[in-house]
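Asks: Right, I'll just put the structure down here and ask away after.
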Ligand SMILES: [Zn+2]
């Protein structure tokens with residue numbers, strides 16, 4: 074890979090003038106959805122298969138001022154079909170957009186008020202629902218409903234207060250099931266689940282501080298006891314800028330740990346783009362000399378390629394085109410993020426705007442079955458010199474030409490520095506181009522939902538959801554449940570806190586055992602590839618009930634969790650009988666103890682008082698996980714006593 078220069082990886086973020094704002098979206102655990110009386114739960118794969126579905130196209134609508142949003146226009150030109158699955162009980166005519174929305178869910182408003190109180194935010198007198206244009210098909214209406222509940226406020230960070238801009242209620246979008254190039258399938262179970270959206274001011278200055286603030290807000294939300302847990306129930310977006318750059322939005326950071334990494338990678342990209350701008354200016358590249366470039370067909374040249382992918386596309390009627398990028402040599406190979414180069418940025422644009430699979434660029438050749446000779450042939454055809462670069466796209470002629478036009482525009486933007494973009498967070502902490510940033514034309518009032526006045530009764534309803542302070546909560550966990558400070562702290566950081574309290578109270582289980590299950594045991598199992606993040610509340614209730622009824626100890630709980638993990642659609646009686654089949658009766662324990670004593674009688678006599686540990690170890694090696702250790706200990710004691718007396 075040719076690269077004109079290397080972009081540094083570490084920065085003094087304060088010196089760069091880094092400013093980060095967070096947008097945290099958390100699903101609320103309300104009984105009903107935000108605008109209808111459907112359940113707020115996600116259905117399993119099996120009921121998804123049995124649910125009816127329908128398809129729709131979406132169209133761009135003009136805002137009240139008659140403008141068309143750039144982001145909306147972007148989606149529209151992709152001309153995709155959307156299929157919606159409508160799970161029974163979890164969707165109704167409101168999600169289908171066949172019935173007007175019901176008034177705003179009061180419970181959700183009350184929870185949002187409670188959170189606003191905890192963040193010193195000013196609650197509005199009247200809640201007005203707005204429509205925010207969303208044309209990626211994730212809303213059947215073509216917009217997302219959102220309502221501001223409170224404005225302003227702050228939370229305290231060790232480096233100073235972080236401002237809160239708005240606290241809003243939003244309807245969650247439909248759940249994406251699959252995505253092809255022309256059709257996207259969504260399930261409507263998630264559409265309309267209440268989300269609380271907390272937007273902070275851009276007061277955050279370092280990647281680590283961003284994580285700390287996100288953690289703090291997340292904990293505050295959990296302490297209301299009214300938020301959902303599990304994969305996909307909390308999503309973090311961030312916006313960031315450095316001195317002189319536009320504000321970049323990054324969507325969909327799923328894990329908190331990833332926040333600092335995403336910021337580091339994104340800052341590196343911004344610095345890199347600025348270095349590219351400087352380098353291009355030094356080389357004297359002008360907009361005009363890029364504009365005049367025309368794509369040239371090179372199908373004849375690449376037909377001799379050994380690349381099966383290229384040949385397959387050509388055999389299917391596709392063609393190859395190349396575009397010269399004057400004085401861009403080494404620029405496309407510049408690494409902007411881990412394993413992502415300026416060429417990758419161009420590929421993102423080509424993919425998003427023209428639907429091509431990817432691009433090939435001269436800085437990475439020879440590669441993809443294009444050898445040095447072929448690259449030279451292409452260079453000659455294009456009139457490419459030492460300092461120039463080129464991009465190849467192999468696809469249907471209309472897509473390939475559209476994609477090259479997009480590539481050209483992106484290269485012109487490189488002369489101007491950093492484009493204003495909405496990006497998506499990748500699993501590894503890098504980011505990818507998603508779409509242009511929506512403009513102000515994006516919001517307009519929802520006339521189907523009447524405003525809700527925040528009356529005194531609502532404020533009183535909110536009282537019970539106001540989150541306690543961390544110290545109060547820790548103290549309560551220590552005092553009521555007898556947990557150590559360390560265990561209480563771990564539980565507080567886990568997403569199982571509220572369901573923990575629920576099941577301990579409901580089934581009267583040993584609080585320390587249950588706390589150990591939700592902290593160390595869950596961590597242990599995750600390392601073995603068993604993530605109980607997929608468990609719904611009913612699974613946790615089944616597990617807790619089994620712990621109580623069968624008197625499971627920690628080893629047997631592990632087996633009970635694995636059993637449930639492997640049979641998620643099992644009912645409680647079947648679950649119990651599966652677990653019992655595995656359990657060992659007291660008679661069986663006694664039989665094993667007697668055999669072990671008999672086998673080791675010499676050792677027992679030799680060890681005297683210390684024989685207990687020895688036998689216990691042997692018996693548990695055989696029965697671990699299938700019986701409570703306390704029962705085994707009692708029987709071993711009895712049996713040893715009998716031997717001692719008879720001996
Ligand atoms: Zn509904």
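Residue numbers (the working numbering): 74 to 720.
By construction, the Cβ of each residue, glycine as well, lies at the ideal position given by its N, Cα and C atoms.
(1) Hey, residue 37 and residue 292 are a contact pair by Cβ (cut 8 angstroms); roughly how many whole angstroms apart?
(2) With hydrogens ignored, establish whether the beta-carbon of residue 167 is closer than 6 angstroms to any heavy atom of ligand 1.
(3) Assuming contact is defined by CB atoms lying nearer than 7 angstroms, are residue 561 and residue 579 in contact in what I supplied?
(4) From 297, 175, 368, pick the residue whose C-alpha is nearest to that of residue 540; which is it?
(5) Quick one: give me the first and last residue of the alpha helix (DSSP H) that residue 92 is part of.
(6) Are residue 699 and residue 657 close, meaning C-beta to C-beta below 7 angstroms?
(7) For residue 195, is the classification buried or exposed, using 16 other Cβ atoms within 10 angstroms of its Cβ as the cut-off for buried?
(8) Determine, using beta carbons only, whether residue 173 and residue 521 come nearer to each other than 7 angstroms.
(9) Alpha carbons only, please: which of 348, 361, 644, 274 is nearest the one belonging to residue 320?
(10) DSSP beta-bridge partners for residue 410?
(11) What's the C-alpha gap between residue 475 and residue 427?
(12) At which residue ranges does the region 644 to 710 contain complete alpha helix (DSSP H) runs of 4 or more residues, listed in the order of the chain?
(13) I need the boundaries of the beta strand (DSSP E) containing residue 217, first residue and last residue.
(14) Are three or more beta carbon pairs between the region 363 to 377 and the region 398 to 407 nearer than 8 angstroms?
(15) Quick check on the DSSP output: what are the complete alpha helix (DSSP H) runs of length 4 or more inside the region 440 to 524, in order along the chain?
(16) Which class does residue 434 belong to by DSSP, given the choice of helix, strand or coil?
(17) Can you tell me the Cα-Cα spacing of residue 533 and residue 647, whole angstroms?
(18) When you compare the CB positions of residue 180 and residue 103, do they come within less than 7 angstroms of one another, or not?
(19) Are the CB atoms of residue 329 and residue 288 nearer to each other than 7 angstroms?
(20) Beta-carbon separation of residue 688 and residue 709 under 7 angstroms?
(21) Kindly confirm or deny that the region 192 to 212 and the region 549 to 561 touch, where touching means at least three C-beta pairs closer than 8 angstroms.
(22) In its own chain, which residues sit with a C-beta less than 7 angstroms from the C-beta of residue 379, not counting the 5 before and 5 after it?
(23) Excluding the 5 residues flanking residue 238 on each side, which residues of the same chain have their C-beta closer than 7 angstroms to its C-beta?
(24) Near residue 116, which residues of its chain fall below 6 angstroms by C-beta distance, leaving aside the five closest residues on each side in sequence?
(25) Report yes if the CB atom of residue 252 is closer than 7 angstroms to the CB atom of residue 503, and no otherwise.
(26) With DSSP collapsed to three states, give me the class of residue 571.
(27) On the DSSP bridge list, what partners appear for residue 176?
(28) Tell me, please, which residues DSSP counts as bridged to residue 234.
(29) Under 7 angstroms, do residue 434 and residue 456 count as touching if we go by C-beta distance?
(30) By Cβ distance, which residues of its chain are closer than 8 angstroms to residue 316, with the 5 residues on each side in sequence left out?
(31) Does the Cβ of residue 484 lie closer than 6 angstroms to at least one heavy atom of ligand 1?
(32) Taking residue 350 and residue 488 to be in contact with their CB atoms under 8 angstroms, please state how far apart those CB atoms are, rounded to whole angstroms.
(33) Quick check: the region 116 to 130 against the region 196 to 208, are there 3 or more CB pairs under 8 angstroms?
(34) Looking only at C-alpha atoms, which of 335, 437, 695 sits nearest to residue 662?
(35) For the alpha helix (DSSP H) containing residue 330, name the first residue and the last one.
(36) Since residue 222 and residue 185 should fall inside the 8 angstroms C-beta cutoff, what is the C-beta to C-beta distance between them, to a whole number of angstroms?
Replies: Let me lay it out:
(1) Lying outside 74 to 720, the shown extent of the chain, residue 37 is not represented and no answer is given.
(2) Yes; taking the cut-off as 6 angstroms, the Cβ of residue 167 has a heavy atom of ligand 1 nearer than that.
(3) No, the pair does not count as a contact, with Cβ atoms beyond the cut-off.
(4) Of 297, 175, 368, the residue nearest in Cα terms is 297.
(5) Note, residue 92: premise wrong, no alpha helix (DSSP H); beta strand (DSSP E) at 92 to 100.
(6) A contact, by the Cβ cut-off of 7 angstroms.
(7) So residue 195 ends up on the exposed side.
(8) Yes, they are a contact pair.
(9) It is 274.
(10) Beta-bridge partners assigned by DSSP to residue 410: 413.
(11) Whole-angstrom Cα-Cα distance: 6 angstroms.
(12) If one requires a minimum length of 4 residues, the alpha helix (DSSP H) runs lying completely within the region 644 to 710 are 645 to 655, 659 to 672, 674 to 680, 684 to 696, in chain order.
(13) Per DSSP, the continuous beta strand (DSSP E) segment holding residue 217 begins and ends at 216 to 224.
(14) A contact exists between the region 363 to 377 and the region 398 to 407.
(15) Whole alpha helix (DSSP H) segments, 4+ residues: 445 to 455, 470 to 489.
(16) Of the three classes helix, strand and coil, the one that applies to residue 434 here is strand, per DSSP.
(17) Distance from the CA of residue 533 to the CA of residue 647, rounded to the nearest whole angstrom, comes to 44 angstroms.
(18) In contact: residue 180 and residue 103 (Cβ atoms closer than 7 angstroms).
(19) Closer than 7 angstroms, so yes.
(20) Closer than 7 angstroms, so yes.
(21) No: the two stretches stay apart, fewer than three of their Cβ pairs being nearer than 8 angstroms.
(22) Within the same chain, and ignoring the five residues on either side of residue 379 in sequence, the residues whose Cβ sits closer than 7 angstroms to its Cβ are 442.
(23) Beyond the five residues adjoining it in sequence on each side, residue 238 comes within less than 7 angstroms, by CB distance, of 272, 273, 274 in the same chain, given in chain order.
(24) Cβ within range, chain order: 160, 163, 262.
(25) The answer is no: Cβ separation not under 7 angstroms.
(26) Reduced to three states, the DSSP call for residue 571 is helix.
(27) In the DSSP secondary-structure assignment, residue 176 is not bridged to any residue.
(28) Bridge partners of residue 234: 229.
(29) Between residue 434 and residue 456, the gap from beta carbon to beta carbon reaches 7 angstroms or more.
(30) Answer for residue 316: 89, 90, listed in chain order.
(31) No, the beta carbon of residue 484 sits no closer than 6 angstroms to any heavy atom of ligand 1.
(32) Sure, about 7 angstroms apart at Cβ, within 8 angstroms.
(33) Look at the beta carbons and you see the region 116 to 130 not touching the region 196 to 208: under three pairs across the two are nearer than 8 angstroms.
(34) For residue 662, the nearest C-alpha among the options comes from 695.
(35) Run containing residue 330: none; DSSP gives neither H nor E here.
(36) Contact annotation, residue 222 with residue 185: C-beta distance approximately 4 angstroms; criterion of less than 8 angstroms satisfied.
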